[in-house]
Amino acid sequence: MPNAASIPTSVGTWISDGWITTRRNLIKIKRVPDILVFTTLQPIMFVLLFTYIYSGVITIPGSSYTEFIMAGIFAQTVVFGSTYSGSAMAQDLKDGIIDRFRTLPMSPSAVLIGRTNGDLCINALSMVVMMLTGLIVGWRINSSFWEGVAGVALLLLFAYAFSWVMAFVGMSVRSPEVINNVAFLILFPLTFISNAFVPAETLPPVLQTIAEYNPVSALVQAARELFGNVPPGAPVGDAWTQQYPIATVLIGVAVMLGVFVPLCIRKFVRISSH
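With the first letter of the sequence shown counted as 1, position 212 gets the number 212 in full-length UniProt numbering; the numbers rise by one all the way through.
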C-alpha cells in the first residue's frame, strides 16, 4: 500500500481524482436505474400531492398556494436528496469499497468529492423535473431570468453543502440502515417546522420562533424572493434570518463547508487507515 508521502497532491491530480470518483458514482446510477426512477418520480409526486390536495384547504392572500408551495417543495426535495451521500458512504464502508480505495494512489478527499458531486447531479435532475412539473400545474417564475437562475443555484449550493454534513453522518454510523433513521430525525423537523408548507406566522408562538430561525425557512424564503413568488404584502418575520434570507443561506453554506469538509476528510483518513 502506498504511504501518505507517495500520494500525489497537485491541484491537477486532485481535480482528476475527484472527476474519476464522480464519474464512478454517475455510472453507478446508470447501472442501477431504480435510483434514477425514484429520483424523478418523487418530486413529481410531491408537486402533485401538495398542489392538488392542499391548495383547496390553505389560502395564501394575494397569491396562489401553488406559487407559495413550490419553493418549499424545491427545498425539501434537494435537502432530502443530500442524504444519498450519507447512505452511499455507509454502504461503501460496509461493502469494503473504502478498503479498496485506500490502496490506490489518490487524494483522500477524492472519494468524498465524487460522492457529493454525484448528489449534486441527482439534485440538479430533480430540480429540472420539479420545475417542469410546476410549470404544468401553474407555477411561474415572476422575476427576471437571472434571478431565477440564482434561485436554482442557491438551492443546489445549499444541498451540496448539506451533503457534506450527511457524508460525515454516514461515516459515523455503524450500518447503512441507521443512516435513514438519523436522516429522518434531522430532516423532518427541519422541513416541516418551517415556512415551507404554511406561512410561519400561522404556527403556534414557540414553533413560529423555531421556524423563523430554521435554515430551511431562510432557504425557502430566499427561493421565493428570487423566483418572484412572495405574495404581495406578505408579512416577513422580525428575525434577521427572515429579513436577509439570501445572506443567511450563503453564511450557512460557508459554515457547513468550512466545518464539515475538513471533518469529513479527517474522518475518512482515520477510517481508511484502520
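Ideal placement from N, C-alpha and C gives every residue a C-beta, glycine not left out.
Residue i versus the options, residue with shortest Cα-Cα distance
i: A222; options: S16, A71 and T22; result: A71
i: V129; options: M45, I27, Q243 and G151; result: M45
i: D17; options: V57, L41, S107 and Q208; result: S107
i: residue 289; options: M171, D92 and P235; result: Residue 289 lies beyond the stretch modelled for the chain, which goes from 1 to 274, so this question has no answer here.
i: A200; options: W139, L135 and F68; result: F68
i: V220; options: Y160, I246 and K30; result: I246
i: K94; options: T248, V261, T241 and S175; result: S175
i: L190; options: E147, V78, F145 and I15; result: V78
Distance between beta carbons of residue j and residue i, contact taken as under 8 Å
i: A167; j: T133; result: No, A167 and T133 are not in contact; Cβ-Cβ is about 29 Å, not under 8 Å.
i: F162; j: S109; result: That belief does not hold up - the Cβ atoms of F162 and S109 are roughly 18 Å apart, past 8 Å.
i: M256; j: V165; result: 6 Å
i: residue 277; j: I58; result: No statement about residue 277 is possible, as the shown extent of the chain runs from 1 to 274 and does not include it.
Outcome for residue i when other beta-carbon atoms lying within 10 angstroms are tallied against a minimum of 16
i: P2; result: Its pLDDT being 42, under 50, P2 is placed unreliably by the model, and the measurement read from it follows with that caveat. Exposed, because fewer than 16 other Cβ atoms sit within 10 Å of the Cβ of P2.
i: G62; result: exposed
i: L226; result: buried
i: L152; result: According to the sequence displayed, residue 152 carries Val and not Leu. Under this definition V152 is a buried residue.
i: G138; result: exposed
i: P43; result: buried
i: A239; result: buried
i: R224; result: buried
Neighbourhood of residue i by C-beta distance below 6 Å, restricted to the same chain and skipping five residues each side
i: T40; result: V129
i: I113; result: G18
i: residue 291; result: Any question about residue 291 goes unanswered here, given that the chain covers just 1 to 274.
i: N142; result: G228
Neighbourhood of residue i by C-beta, 7 Å cutoff - its chain only, sequence neighbours within 5 removed
i: L203; result: A211
Segment contact, 8 Å Cβ cut-off, at least three pairs: the stretch 214-224 with the stretch 192-202: yes
The stretch 177-188 touching the stretch 79-97, judged by at least three CB pairs closer than 8 Å: yes
At least three beta-carbon pairs within less than 8 Å, the stretch 152-161 to the stretch 116-126: yes
At least three beta-carbon pairs within less than 8 Å, the stretch 228-235 to the stretch 260-271: no
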